[in-house]
Amino acid sequence: MSDQRRDMPSNDSNGYAKIDQYNPAAVERMSKHLHGVLTELGEDPAREGLVKTPERVAKALQYLTHGYGLDPAQILRSAMFREEYQQMVIVRDIEVYSLCEHHMLPFFGKAHVAYIPNGHIVGLSKIPRVVDAFARRLQVQERLTMDIRNCIEETLKPVGVAVVIEAQHLCMIMRGIQKQHSIATTSAFTGEFNSEKTRAEFMRLITNNSRG
Ligand SMILES: [Zn+2]
């Protein structure tokens, strides 16, 4: 038996500082480099459409890597509750947007996360935030999957954790290395999810109907 997307009280103010502001000194330094990159590409950084591009790119990069400033374990700890519920909790179809560390190009898709509580549950809204805190860094999909698993394992100490990520990588698609729309799937499990029966139930629950 499973209980998906159970509603939990959440406290959005703890452990998670949404970063809308930029570090002006870093933006200025990065802009200088990006100005040089545009020149190296054969562009004219002074032409109208590009004048503000170095600054925009610098700000975009800061936003896309703002996970470095977040503490994913603290995000979980801010909404942990004692609870005897011991069935599988699944949050599936979590949007993932990350940057591959080899090309700094986006990879994006869906994450599915499950855990079986062992005395503590966590506010369900925190799971996508943990995914985001690790995804908003330079990553490889394999490590992102393990980072999420390890954080939940070490913080909640559950009976088991399962993480599956399905993603498309623009560095593969745009550079023509793989056929378009190919999807990379990675998974990481601990504890009870290493048992074939539990893992099969999890896989069934994340692949059945109602997928968009
Ligand atoms: Zn890449």
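First residue of the sequence shown: 0, per numbering that gives the first Met the number 0; consecutive thereafter.
Even for Gly, the Cβ is constructed at its ideal location relative to N, Cα and C.
Owing to the predicted nature of the structure, the values given are computational and were not obtained by experimental measurement.
> Since K125 and L75 are thought to touch, with beta carbons under 8 Å apart, how far apart are those beta carbons, to the nearest angstrom?
Replying inline: Residue 125 sits at position 126 when you count from the first residue of the sequence shown. Residue 75 sits at position 76 when you count from the first residue of the sequence shown. About 6 Å; that satisfies the 8 Å criterion.
> When you compare each of H101, T154, E141 to G118 by their alpha carbons, which one comes out closest?
Replying inline: Here residue 118 is taken as the residue at index 119 of the sequence shown, counted from 1. Closest option to G118, Cα to Cα, is T154.
> Going along the chain, which residues of its own chain have a beta-carbon closer than 8 Å to the beta-carbon of V90, five neighbours each way excluded?
Replying inline: Numbered from its first residue, the sequence shown carries residue 90 at position 91. Here the set comprises Q3, R4, H111, V112, A113, L123, I126, P127.
> Between L60, H34, Q86, which lies nearest to Q20 when the distance is taken from Cα to Cα?
Replying inline: The residue you call residue 20 lines up with position 21 of the sequence shown. If we check each option's Cα against that of Q20, L60 comes out closest.
>> So, for Q167: in the same chain, excluding its five sequence neighbours on each side, which residues have a beta-carbon less than 8 Å away from its beta-carbon?
In response: Here residue 167 refers to the residue found at position 168 when the sequence shown is read from its first residue. Here the set comprises F106, F107, G108, H180, S181, I182, A183.
> Would D6 be called buried (16 or more neighbouring beta carbons within 10 Å of its own) or exposed?
Replying inline: Taking the sequence shown and counting its residues from 1, one reaches residue 6 at position 7. Residue placement at D6 is flagged as unreliable, the pLDDT there being 39, under the threshold of 50; a coordinate-derived value is accordingly withheld.
> Among M79, P157, T52, which residue has its Cα nearest to the Cα of S30?
Replying inline: Against the sequence shown, residue 30 aligns to sequence position 31. Closest by alpha carbon: T52.
> Beta carbon of L104: closer than 7 Å to some heavy atom of ligand 1?
Replying inline: Within the sequence shown, residue 104 is the residue found at index 105, counting from 1. Yes, the Cβ of L104 comes within 7 Å of a heavy atom of ligand 1.
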